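Residue numbers (the numbering used here): 201 to 508.
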């Protein structure tokens, strides 16, 4: 989506000037991994309009492989307007994406993807909420990626307003999560999806359904791991990284996902992966913008060598 962020504090109805950026949980993770040196492909649709052109150019500047980003001549690019974040509170956002190009994604959009070249696939719960055809695409690419031997991660990224009912959201996303290796909900998301309360019980819910690891975001308190990656069954909590000031929490979970996924793909142990996730999540909340705090590899190495 193309995002417009208010220049001034206050409700959107009173703001006259905005800054244009790109937005989307999937996009944030893709850009974060590309900045760390991974070859990242992005599959989606944009409209045949100025906003779609802006997104394509911005992603290419970030180094993403956009060969599977299609231009849809019949449907517009989705838009989102966001209040200026203040005092660490979640800013109000308003979406305009019903009927967007991305909501018309379908299984045929993956027809020419070479899954044999894929090492890892990251999926979120947002595209399946947009339409039936987009949900079918999510199911298709998860199945094809798994059959090709890729590892799979899944972040529910709950958007209840996009679903017809809470039951449909719960059933659909739990079914998708059961097809993946690393399930990464926030604690509140895990409670809503599993109807279980503790991190341990939430993790067991997904492990019983086939996940190899469950990694739960605990906000400022850090993150929780339970799983058997590397053939070793383990369970632990990694404390969060203290920050001097929280400016904007939007994108923190995506930063966490970037840290965990990149670390596991780098061959690090789960505890190190959660530590990196906590670190990048902490970077994300200290700046305005969804992806402005995501580091490149040089910056990450500098931070990793500095005691937190």
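Just so you know, even glycine gets a beta-carbon here, dropped at the ideal spot from N, CA and C.
Given the structure is predicted, the values throughout are model-derived calculations rather than measurements.
Listed as beta-bridge partners of residue 265 by DSSP are 241. The segment 301 to 314 makes contact with the segment 246 to 256: 3 or more CB pairs, one atom from each, lie closer than 8 Å. Judged by DSSP in its simplified three-state form, residue 396 adopts coil rather than helix or strand. Using a 10 angstroms sphere on the CB of residue 261, the tally of other CB atoms stays under 16, which defines it as exposed. Residue 353 is bridged by DSSP to 322, 382.
By DSSP's assignment, residue 423 forms a beta bridge with 417, 438.
Where residue 342 is concerned, the enclosing alpha helix (DSSP H) starts and stops at 332 to 347. Under DSSP, residue 221 takes part in a beta bridge, and its partners are 203. Looking from the CA of residue 211, the closest CA among 472, 293, 482 belongs to 293. Pairing residue 372 with residue 325, the inter-Cα distance amounts to about 9 Å. The closest CA to that of residue 501, considering only 471, 490, 466, is found on 466.
Going by DSSP, residue 315 is part of no alpha helix (DSSP H) at all; its letter is neither H nor E. For residue 293, the pairing in a beta bridge is given by DSSP as 282. Looking at 475, 341, 223, 383, the one whose alpha-carbon comes closest to that of residue 259 is 223. Put simply, the backbone Cα of residue 238 is about 19 Å away from that of residue 257.
The segment 313 to 333 and the segment 373 to 386 touch, with three or more beta-carbon pairs separated by less than 8 Å. In the DSSP assignment, residue 475 falls within the alpha helix (DSSP H) that extends over 470 to 484. Cβ-Cβ distances below 8 Å link residue 347 to 315 in the same chain, with the five nearest sequence neighbours on each side left out; the list follows chain order. Between the segment 201 to 221 and the segment 430 to 441, the count of Cβ pairs shorter than 8 Å is below three; the stretches do not touch.
When rounded, the separation of the alpha-carbon atoms in residue 308 and residue 405 is 32 Å. Across the structure, residue 271 and residue 396 are spaced so that their CA atoms are roughly 42 Å apart. In this structure, the CA atom of residue 484 is about 22 Å from the CA atom of residue 295. Measuring C-alpha to C-alpha distances from residue 305 to each of 313, 336, 491, 254 identifies 336 as the nearest.
Contact check for residue 208 against residue 449 fails: the beta carbons are separated by 7 Å or more.
In the DSSP annotation of this structure, residue 443 is not part of any alpha helix (DSSP H), being labelled neither H nor E. Annotation: the continuous alpha helix (DSSP H) that includes residue 366 extends over 366 to 377.
The alpha carbon of residue 331 has as its nearest neighbour, out of 429, 266, 361, the alpha carbon of 361.
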